[in-house]
Amino acid sequence: MIDMSVDIGGLKLKNPVLVSSGTFGFGREYSDFYDLNLLGGIAVKGITMKPRKGNKPPRIAETAAGILNSVGLENPGINNFIEQELPFFKNYDVPVIANISGNTIEEYSIMAKELGNSVDAIELNVSCPNVKEGGIAFGTKSELVYKVTKAVKKCCKTPLIVKLSPNVTDITEMALAAEKAGADCISLINTIVGMKIDIENKRPYFDNIVAGLSGPAVMPIALRMVWQTAQKVKIPIIGMGGISTWRDAIEFIMAGADAISIGTANFYNPYAPIDVLRGIESYMREKGINKIEKIKINKGAKNYE
Amino acid sequence: MIDMSVDIGGLKLKNPVLVSSGTFGFGREYSDFYDLNLLGGIAVKGITMKPRKGNKPPRIAETAAGILNSVGLENPGINNFIEQELPFFKNYDVPVIANISGNTIEEYSIMAKELGNSVDAIELNVSCPNVKEGGIAFGTKSELVYKVTKAVKKCCKTPLIVKLSPNVTDITEMALAAEKAGADCISLINTIVGMKIDIENKRPYFDNIVAGLSGPAVMPIALRMVWQTAQKVKIPIIGMGGISTWRDAIEFIMAGADAISIGTANFYNPYAPIDVLRGIESYMREKGINKIEKIKINKGAKNYE
Amino acid sequence: MRCEICTIVDNYRVATDTYKMVIESKSIVFEASAGQFVHIRVGGEYDPLLRRPISICEFDKEKGYLTLLYRVCGKGTKLFVNTRPGDSLDIMGPLGKGFPVFNTELTRPKSSMDSANTQRGLNLPLSEVSFNDKKVAVIGGGIGIAPLLELCKNLNKPDIYLGFRDETYMVDEFSEHAGTFYLYTEDGKEGCKGYPIEALAKNINNYEVVYACGPKIMLSKTKNLCEANSVECYLSMEEKMGCGIGACLVCACKSAQDDLYKKVCVDGPVFNSKEVKFND
Amino acid sequence: MRCEICTIVDNYRVATDTYKMVIESKSIVFEASAGQFVHIRVGGEYDPLLRRPISICEFDKEKGYLTLLYRVCGKGTKLFVNTRPGDSLDIMGPLGKGFPVFNTELTRPKSSMDSANTQRGLNLPLSEVSFNDKKVAVIGGGIGIAPLLELCKNLNKPDIYLGFRDETYMVDEFSEHAGTFYLYTEDGKEGCKGYPIEALAKNINNYEVVYACGPKIMLSKTKNLCEANSVECYLSMEEKMGCGIGACLVCACKSAQDDLYKKVCVDGPVFNSKEVKFND
Ligand SMILES: Cc1cc2nc3c(=O)[nH]c(=O)nc-3n(C[C@H](O)[C@H](O)[C@H](O)COP(=O)(O)OP(=O)(O)OC[C@H]3O[C@@H](n4cnc5c(N)ncnc54)[C@H](O)[C@@H]3O)c2cc1C
Ligand SMILES: Cc1cc2nc3c(=O)[nH]c(=O)nc-3n(C[C@H](O)[C@H](O)[C@H](O)COP(=O)(O)OP(=O)(O)OC[C@H]3O[C@@H](n4cnc5c(N)ncnc54)[C@H](O)[C@@H]3O)c2cc1C
Ligand SMILES: Cc1cc2nc3c(=O)[nH]c(=O)nc-3n(C[C@H](O)[C@H](O)[C@H](O)COP(=O)(O)O)c2cc1C
Ligand SMILES: Cc1cc2nc3c(=O)[nH]c(=O)nc-3n(C[C@H](O)[C@H](O)[C@H](O)COP(=O)(O)O)c2cc1C
Ligand code: FES
Ligand code: FES
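Chains as they are written, first to last, in our numbering: chain A, 1022 to 1326; chain B, 1022 to 1326; chain C, 2 to 281; chain D, 2 to 281.
Take a look at the structure:
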């Protein structure tokens, strides 16, 4: 019998396929395509203390095998989220991960505390490139990653996932800081800071100038970061960045991910998470592998320098 | 009359279209396709003090809109380069840029000194992700960028270009260090550290584990870094990373590049540099622009934070 | 709403860079209403990456045919042109909210009207939009005429105002359904010289409802014209899209009621003019 | 060597996942010699990004036709299958060094022999390869037979050893040019059961030159066999490629003469077995 379940830092998933924050709304939208209970878990759209209207359009640009987005954390705020969006999941038996962004460490803590009773895990977004305050700033300095994780961990009743920014010289420094501060799990990568110029109008394409790159284009970078991180930390890793097929997912798991998450691929293939899930299953069946973790390349088999 | 010429830190180019180190051999190969004199300049394959045999194959993998390479600086060493490769350019009237990598600051200095009389400019490669010693290490710490640039500048008779690594949290820190140390010009980006897993054999695809990502996939990242750098430094910038069409090139110039360089695109379209050159020319004609620098978005028009 | 692998029945040029594609669908067509759109995947695995939103121009529920009218402008639409009858195409839809149609004399069965009605889910109170057999004008510019054809078929001989840069297309198809038909080209090569909004402005007081699709500038003028004259106005909007179903929040357009954004893909693409604003 | 937009004349299946493509070329075909390859761009702008190296299987200089034999295994070759007669294809070539052919009785004009000779530029002294009408064997495995067909036509009835997993193809085309023809399949469905190297090993002392193309293991065994018996041996090698012309250094294969690497694209793809080594 194949056991697809994984435990990522106390959060038990029936399978390792998650969907990524910001690419899956509050779950409703994709429920028209398949039964959400099939998913390992759902990371909902990033939320903040106060409602945010988000950035001025255009908010998306297609790049070579990728997209740049500049949504700017549009969201109804934590209260509306709890009142209007969370109840939807009452009908489902699928873990919900709340992705939170704060302007200050205090904001992060308050939100984590408030959500602790109603969601299955908290994902700290210390890495959104699309907002001026907070966001990415927290994710590019290891002291800040440490501080915010430590503070939130104290008041967070659910497993705490820290989502790392790829916009750093050394991802393992950030990962180690999160681990040391008590994170139960790490997720990576968030989008990479990119840009596009509107040459017809001779100006940056996005009002916010820079935007976040995601999609297949970034996968080699994401995979490298997951590998590097897996060599250094003991806590579980959720790998993401450009996954669109089950083979991509297997690469991430081999590289050291305990679970994987589908983001941008949802946009062009709404069935991507299900396709990936089925693919992993048949891969395991074919290879006679009965536990997800056995897919991994043994840590230290060849140590990464 | 359209004036395509640019001056990049004392190196005068008849047009702003260069070809990137490592993607254009020592020039010979592409001379079968067009007259090399058409190019603004040629950055030849990176060279080191001693010959290097390079990494074990496989050395290339195709990724979504990009490639990973793990050549590992295979090159005949500086002496063979001077004796066997440089004379080829005697027949051409095209600036040759020697791209050098050292294990130590001293090696960089010796090479720059030796090459000073025979090439038109030196490009310091402080950013190769495919070698263990030196290379990228120099490019990810601003003190080291400063030190190596400073030392080389002292003994370098030709314009000195410092090629930055994109594998950093803040590219402008590196750019400012190079500028402060006396660099005449900055080129960016080198390849981004990426990875691929060979899932059939359950191991990293490359012997060196990580490899360098280039091609259209990285363009949004490269463009962002050129923009950020252009907001901060006064010395000229050679922009590269994923350029394959003239529209890509215009984006880089608008973002602040004084010249642009074609790398990976040479592989799938050997005429890419010529196509880009012709495209820039007609763009300028159509828009009535007579100097390359007038294509740029005015610095500080909207300051990047 | 679903993804369906459909078969291309026909794909031909109707004007410079403008093509009509007929697609056989087993399910999408039966759920579609005028003004909705489909989200199409073409090309290789990653190039282009995103789907392309295209309005449903016509549907024939008997044959199971959807017709699209598209203008070639970039990578995706260039690939559309290269598809041939018999090829298959990955289509998601029908998406978004279409035009509310409340005429008594419909060419369509009653049920589709009902569903259009409930699907609207406007923020405005329902009474405001529950009119019958109102005097209606339809105005379209360029490729923006695409979603209007099915609409016109559903209306009771509306006055139709179309504008093109120089070359016209689909003129017979539209005029067939028109009460009065107004045709404009920017250079006056065909029809009158100028813009259809000029004629609509003259006649605006004849109408109770105006439907519009076309360039932003046309939509913005139509909105102002209608609101100044207290005419109900529905606009079909465009914005770059990701998911097409409300999950990614990239297709933002300014809300007129508050300082927030609406999602073109699910709140629209058809909006009551009072829901949206243009100023920027 | 150049890039040429060629027209596809024919493209059809010869066995499971194995296709033959005939291409009309205005220039590449006239420069080609047996064992060289072309570098092909298919698909959209970026997907796949790189060209795909495919051996020239046959050429017809009178008609200006190149024939390719290819096996579908990934993204690029899947796209090859979808091309149809009349489509155009961006082809770079002819690339690399082909097989040295030194027979007196040639089916080709003398000049092409000369050019093959000078193009070789082997590191070995020329005398060593200047043999005439030697006794020759050709051994190919699977899709590796592709570059051998044109070679066989240029040789004087060589003995030909072909091996396949189960399904065979191009057997008539090869046997037509063979002195003795040996056919093997792994499961013995057609021809003998086993591998062609077994037969070659028995007969090795009949030959002065062996040409080989196929899986690495076959090449390696052929190399060892020939060198142990002092038989001249030419191997056509494969390695992943970028530029295809010697500029990027990614197509490295181990040199036998020193600890360095050779470039399959310009030093090969055909190597004298003494130039390369396999051990890793
Ligand atoms: C609801 C809706 C209905 C539409 N209906 C039609 C129609 O019936 N016929 C028609 O010809 N066009 C229609 N469009 C516009 C059509 O989507 C674009 O022309 C098309 O996406 C361009 O794709 P491309 O690859 O050719 O261009 P590219 O410029 O290569 O596209 C790059 C990216 O920008 C997006 N994009 C480019 N132009 C537009 C645009 N005008 N609107 C939205 N996204 C755009 C693309 O979807 C893609 O993500 C509609 C757009 C929307 C939002
Ligand atoms: C000199 C030479 C001659 C060749 N001649 C033929 C031929 O006549 N017929 C034929 O069917 N095949 C031939 N091959 C192999 C052919 O190049 C590959 O099968 C093809 O590139 C696979 O592309 P893909 O997109 O289908 O596979 P993918 O796996 O999607 O390719 C991914 C990448 O790996 C490369 N790659 C994959 N397999 C190989 C391989 N075996 N060798 C080199 N690169 C590879 C591709 O070029 C591409 O860059 C030849 C290879 C070389 C080097
Ligand atoms: C439109 C969009 C919105 C996103 N919003 C969020 C967000 O609110 N919070 C967050 O942590 N990540 C957000 N992300 C990042 C994704 O969760 C994911 O980390 C990233 O896109 C990489 O994965 P992918 O390449 O599979 O998309 C967003 C990504 C996209 C494309
Ligand atoms: C095969 C290959 C070899 C390279 N070798 C070098 C090198 O020797 N020195 C160097 O500075 N950069 C080297 N680069 C980096 C390129 O010069 C360039 O900075 C990078 O590829 C980004 O540009 P592109 O996306 O246009 O290729 C190499 C790149 C490739 C693809
Ligand atoms: S396109 Fe994703 S929300 Fe509208
Ligand atoms: S493929 Fe570039 S050197 Fe051989």
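For glycine and all other residues, C-beta sits at the position ideal for the given N, C-alpha and C.
Original post:
How about residue 274 of chain D and residue 224 of chain D: do their beta carbons lie closer than 8 Å?
Top reply: With contacts defined by Cβ atoms closer than 8 Å, residue 274 of chain D and residue 224 of chain D form a contacting pair.
**OP:** Report yes or no: do three or more beta-carbon pairs, one from the stretch 62-71 of chain D and one from the stretch 146-153 of chain D, lie closer than 8 Å?
**Re:** As far as the Cβ criterion goes, the stretch 62-71 of chain D touches the stretch 146-153 of chain D, which means the pair count is three or higher.
Original post:
Taking buried to mean at least 16 other C-beta atoms within 10 Å of its own C-beta, is residue 187 of chain C buried or exposed?
Top reply: Exposed: under 16 other Cβ atoms inside 10 Å.
**OP:** Give me the Cα-Cα distance between residue 1336 of chain A and residue 1129 of chain A, rounded to the nearest whole angstrom.
**Re:** Here chain A has residues from 1022 to 1326 only, and residue 1336 of chain A is not among them.
Original post:
Under a CB-based cut-off of 8 Å, is residue 79 of chain C close to chain A?
Top reply: Judged by the 8 Å Cβ criterion, residue 79 of chain C is not in contact with chain A.
Original post:
Does at least one heavy atom of ligand 2 sit under 7 Å from the Cβ of residue 68 of chain D?
Top reply: No - ligand 2 has no heavy atom lying nearer than 7 Å to the Cβ of residue 68 of chain D.
**OP:** Note down the Cα distance separating residue 90 of chain D from residue 1084 of chain B, rounded to an integer number of angstroms.
**Re:** Their Cα atoms are separated by approximately 22 Å.
Subject >> Endpoints, alpha helix (DSSP H) assigned at residue 175 of chain D >> reply: For residue 175 of chain D, the enclosing alpha helix (DSSP H) begins and ends at 172-176.
Subject >> Residues of the stretch 1081-1097 of chain A with Cβ closer than 7 Å to any Cβ of chain B, in chain order >> reply: Shown in chain order are the members of the stretch 1081-1097 of chain A whose Cβ falls below 7 Å from a Cβ of chain B: 1084, 1085, 1086, 1087 and 1089.
**OP:** Return the first residue and the last residue of the beta strand (DSSP E) that residue 1261 of chain A is part of.
**Re:** Looking at the DSSP string, the run of the beta strand (DSSP E) that includes residue 1261 of chain A is 1258-1261.
**OP:** Rounded to whole angstroms, what's the CA-CA distance from residue 1180 of chain A to residue 242 of chain C? Just pull it up for me.
**Re:** Rounded to the nearest whole angstrom, the CA to CA distance from residue 1180 of chain A to residue 242 of chain C is 34 Å.
**OP:** Measure from the C-beta of residue 76 of chain C to each C-beta in chain D and report whether the shortest distance is under 8 Å.
**Re:** Answer yes: the Cβ-Cβ gap between residue 76 of chain C and chain D drops below 8 Å somewhere.
Subject >> Expected contact under 8 Å - CB spacing of residue 253 of chain C and residue 278 of chain C to nearest Å >> reply: That pair is no contact at about 12 Å.
Original post:
Are the CB atoms of residue 1047 of chain A and residue 1106 of chain A nearer to each other than 8 Å?
Top reply: Contact: yes.
Subject >> Contacts of residue 1237 of chain A in chain B (Cβ-Cβ under 7 Å) >> reply: Those within 7 Å of residue 1237 of chain A in chain B are 1085.
**OP:** Check residue 1130 of chain A in the structure and name its three-state DSSP category.
**Re:** Look at residue 1130 of chain A here: in three-state DSSP terms it is helix.
Subject >> DSSP state of residue 1233 of chain B mapped onto helix, strand, coil >> reply: Note: residue 1233 of chain B maps to strand in three-state DSSP.
Subject >> Neighbourhood of residue 1327 of chain B by C-beta, 8 Å cutoff - its chain only, sequence neighbours within 5 removed >> reply: In the structure as shown, chain B begins at 1022 and stops at 1326. Residue 1327 of chain B is therefore absent and cannot be evaluated.
Original post:
Which two residues bound the contiguous beta strand (DSSP E) that contains residue 142 of chain D?
Top reply: Under the DSSP assignment, residue 142 of chain D falls in the beta strand (DSSP E) whose first and last residues are 137-142.
Original post:
Taking only beta-carbon atoms, is residue 1044 of chain A less than 8 Å away from chain C?
Top reply: Taking Cβ atoms only, chain C reaches closer than 8 Å to residue 1044 of chain A, which makes this a yes.
Original post:
With respect to the beta strand (DSSP E) encompassing residue 3 of chain C, which residues constitute its N-terminal and C-terminal limits?
Top reply: Counting along the chain, the beta strand (DSSP E) containing residue 3 of chain C begins and ends at 3-16.
Subject >> Cβ-heavy atom distance, residue 226 of chain D to ligand 4, below 7 Å >> reply: For residue 226 of chain D, the shortest C-beta to heavy atom distance toward ligand 4 is 7 Å or greater.
**OP:** Anything in chain A within Cβ reach of residue 251 of chain C, meaning under 7 Å, just list it in chain order.
**Re:** Here the neighbours are 1080, 1081, 1090 and 1092.
Subject >> residue 1213 of chain B at chain A interface by Cβ criterion, 8 Å >> reply: By the rule that beta-carbons nearer than 8 Å mark a contact, residue 1213 of chain B touches chain A.
Original post:
For the stretch 1055-1071 of chain B against the stretch 1106-1122 of chain B, are there 3 or more C-beta pairs whose distance is under 8 Å?
Top reply: Yes, the stretch 1055-1071 of chain B is in contact with the stretch 1106-1122 of chain B.
Original post:
Based on Cα-Cα distance, which residue from C:16, C:33, C:12 and C:32 lies nearest to residue 24 of chain C?
Top reply: Closest option to residue 24 of chain C, Cα to Cα, is C:12.
Subject >> Residues of the stretch 41-68 of chain D whose Cβ lies closer than 7 Å to any Cβ of chain C, in chain order >> reply: The residues in question are 44, 45, 46, 47 and 48.
**OP:** Tell me, please, whether the CB atom of residue 1102 of chain B is closer than 8 Å to any CB atom in chain D?
**Re:** Output row for residue 1102 of chain B: interface = no.
Original post:
Going along the stretch 84-102 of chain D in order, which residues come within less than 8 Å of chain B, judged by CB to CB distance?
Top reply: Listed in sequence order: 93.
**OP:** Please report the residue range of the alpha helix (DSSP H) in which residue 1288 of chain B lies.
**Re:** From DSSP, the alpha helix (DSSP H) with residue 1288 of chain B extends over 1286-1289.
**OP:** Would you decide whether residue 42 of chain D is buried or exposed? Buried here means 16 or more other CB atoms lie within 10 Å of its CB.
**Re:** Burial check for residue 42 of chain D: the Cβ neighbour count within 10 Å reaches 16 or more, so the residue is buried.
**OP:** For residue 265 of chain C, verify whether its CB is less than 7 Å away from any heavy atom of ligand 5.
**Re:** Residue 265 of chain C Cβ: within cutoff of ligand 5.
**OP:** Take every Cβ of the stretch 1283-1300 of chain A, pair it with every Cβ of the stretch 1042-1056 of chain A, and state whether three or more of those distances are shorter than 8 Å.
**Re:** Yes: at least three Cβ pairs fall under 8 Å.
**OP:** Below 8 Å on the Cβ atoms is my guess for residue 1141 of chain A versus residue 1117 of chain A; work out the distance and round it to an integer in Å.
**Re:** The Cβ separation is near 5 Å, so the contact holds.
Original post:
For ligand 6, any of its heavy atoms closer than 7 Å to the Cβ of residue 234 of chain D?
Top reply: The answer is no for residue 234 of chain D.
Subject >> Bounding residues of the beta strand (DSSP E) (the contiguous stretch that carries residue 1241 of chain A) >> reply: Secondary structure note for residue 1241 of chain A: it is in no beta strand (DSSP E), and the uninterrupted alpha helix (DSSP H) holding it is 1240-1253.
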